[in-house]
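Chemist:
Protein chains: 2
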Amino acid sequence: MSLMGYYWLMSFDRDHVLHVAADLLTRKATATMEEVARAAGISRATLNRHFTGRDALVRALEELGIAKCEAALEAARLEEGAAAGAVRRLVREIQPCTGLLTFLYSENQLFEGEKQNAGWFRIDERLTGLFRRGQETGEFRIDLSATWLTEALYGLLAAGSWAVAEGRVARNDFTHMIAELLLGGAMRRDES
Amino acid sequence: MSLMGYYWLMSFDRDHVLHVAADLLTRKATATMEEVARAAGISRATLNRHFTGRDALVRALEELGIAKCEAALEAARLEEGAAAGAVRRLVREIQPCTGLLTFLYSENQLFEGEKQNAGWFRIDERLTGLFRRGQETGEFRIDLSATWLTEALYGLLAAGSWAVAEGRVARNDFTHMIAELLLGGAMRRDES
DNA sequence: CGTTGATGAGTCATCCATGTCTCATTTGAG
DNA sequence: CTCAAATGAGACATGGATGACTCATCAACG
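First to last, the sequence lines map onto chains A and B. Number 167 in my numbering belongs to position 167 of the first sequence; there are no gaps in the numbering. Number 156 in my numbering belongs to position 156 of the second sequence; there are no gaps in the numbering.
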């Protein structure tokens, strides 16, 4: 083996496979390992060599989703400035991985018995913290709990992602739709 | 056969089976036909006699879901009074079937290729009509499309149902949480 | 009480996804 | 070029869910 880069190993591009799998499974959650392999341009044998079973693949996708999600949280700088602005930045940053998140969200309920990845807990905490901060500064209302606002954000992201995928709404409106509905609601505001 | 009621036929209570199946599949979407049968207190043979295959069962659940949903729409009297009030009534009325709706919602994406039940379209239309009415009377903002508000309502119902099932939020807060977030958003309103 | 019809339990064959294995082929390293 | 290592294609056994079937049992009707 050479020190220089394992170049031939790159014929199997783990990251590429994961992204293709995420993309496919987002659209068709019941896709076969065979289908995943073909979508990624590799053989089922190779796919199974690197991910022992579907579980391993889903777990890897989970890690990827958590990593991307946490990267989005970083990029959104949740602690900076007004909470509302942070929410808007967050929605914008997280948009690229909503498809994957939606898939993992629905897949997670299949792992009911088992313990779930601690990453989701960390993400929950940061989002809940953001909403709580907004409540403490008086920016957000307090009759809706920070926990619920977090769950609602998840639901809106999923609904938005799905609506975009179905062509019901324009992709460009994603951020505005979600952030403004979550922040301002459906009713007109006569103030300001 | 007697005219009087087919009483012994009632040993198989179709409605009961459907409700039990809905309840179980809502919690565990991958439940076996065997599990569904046992949950309903009947044998797998009988279950298969009345629903030829899992598809038929899911289709029947779909019919049930649509019927309950439309009943909720009726009970909410969407055309009466202020649109905001109609939304609140709707959320309250539809709460009992959110679990089933969430299951069907996720199950529907498996029927991708096939044509979907026209009932969903009717329901979509009525909800979109409600939001459009609110926009036309000036009650709701117009920068968020009625289509998106409808999708968002679905997303919030799913998120709320899930959050309640997970014990993250109180069941009694369901209506208030969803309706008020959808209508008023997360930010404080200083007016009124 | 006998008949009729549905149920329950069990068996059986089938299908499909999966995981493992082998072998020929390809590709990069030395 | 030669060797090492990974890939691709295919075969194979496995397990699980499913649907169809049989047969004994049970309940209601006449």
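In this text, a Cβ means the ideal position worked out from N, Cα and C, and glycines have one as well.
#1: Between Ala22/B and Leu64/B, is the Cβ-Cβ spacing less than 8 Å?
#2: Below 8 Å between beta carbons: does that hold for Met187/A and Phe140/B?
#3: Which of the three DSSP states is assigned to Phe51/A in this structure?
#4: Please name the residue in Arg168/A, Ile123/A, Thr137/A whose C-alpha comes closest to that of Thr147/A.
#5: Contact criterion: CB-CB distance below 8 Å. Does Glu136/B meet it with respect to chain A?
#6: Hey, Ala39/A and Leu24/A: beta-carbon distance below 8 Å or not?
#7: Taking Val58/B and Glu93/B to be in contact with their CB atoms under 8 Å, please state how far apart those CB atoms are, rounded to whole angstroms.
#8: In whole angstroms, what separates the C-alpha of Val91/A from that of Arg189/A?
#9: For Met1/B, does the count of other Cβ atoms within 10 angstroms reach 16, so buried, or fall short, so exposed?
#10: For the alpha helix (DSSP H) that Ser161/B lies in, which residues bound it at each end?
#11: So that I know if they touch, is there some Cβ in chain B lying closer than 8 Å to that of Phe140/A?
#12: Would you list the residues sitting across from Phe140/B in a DSSP beta bridge?
#13: Give the DSSP-derived three-state secondary structure of Leu78/A in the structure shown.
#14: Establish whether the CB of Leu78/B and some CB of chain A are separated by less than 8 Å.
#15: In chain A, which residues lie with their C-beta within 7 Å of the C-beta of Arg168/B?
#16: Does DSSP put Val20/B in a helix, in a strand, or in coil?
#17: Consult DSSP for Arg168/B and reduce its assignment to one of helix, strand or coil.
#18: Would you mind working out which of Leu100/A, Ala152/A, Leu181/A sits nearest Ala67/A, comparing C-alpha positions?
#19: On the DSSP letters alone, give me the boundaries of the alpha helix (DSSP H) that Thr106/A sits inside.
#20: How many Å lie between Gly85/B and Val164/A at the Cα?
#21: Can you tell which of Leu61/A, Arg168/A, Phe12/A has the C-alpha that lies nearest to the C-alpha of Ala29/A?
#22: Between Arg14/A and chain B, is the shortest Cβ-Cβ distance under 8 Å, so that the two count as touching?
#23: Since Gly85/B is in the alpha helix (DSSP H), which residue starts that stretch and which ends it?
Modeler: Taking the geometry as given:
#1: yes
#2: yes
#3: coil
#4: Ile123/A
#5: no
#6: yes
#7: About 24 Å separates the two Cβ atoms, so there is no contact after all.
#8: 22 Å
#9: Note that Met1/B has pLDDT 38, beneath the 50 cutoff, so the model's placement of it is unreliable and no number is given.
#10: 146 to 165
#11: yes
#12: Met187/A
#13: coil
#14: no
#15: Thr147, Glu151
#16: helix
#17: coil
#18: Leu100/A
#19: The sequence shown places Ser at residue 106/A, not Thr. First-last of the alpha helix (DSSP H) with Ser106/A: 98 to 108.
#20: 28 Å
#21: Leu61/A
#22: no
#23: 83 to 94
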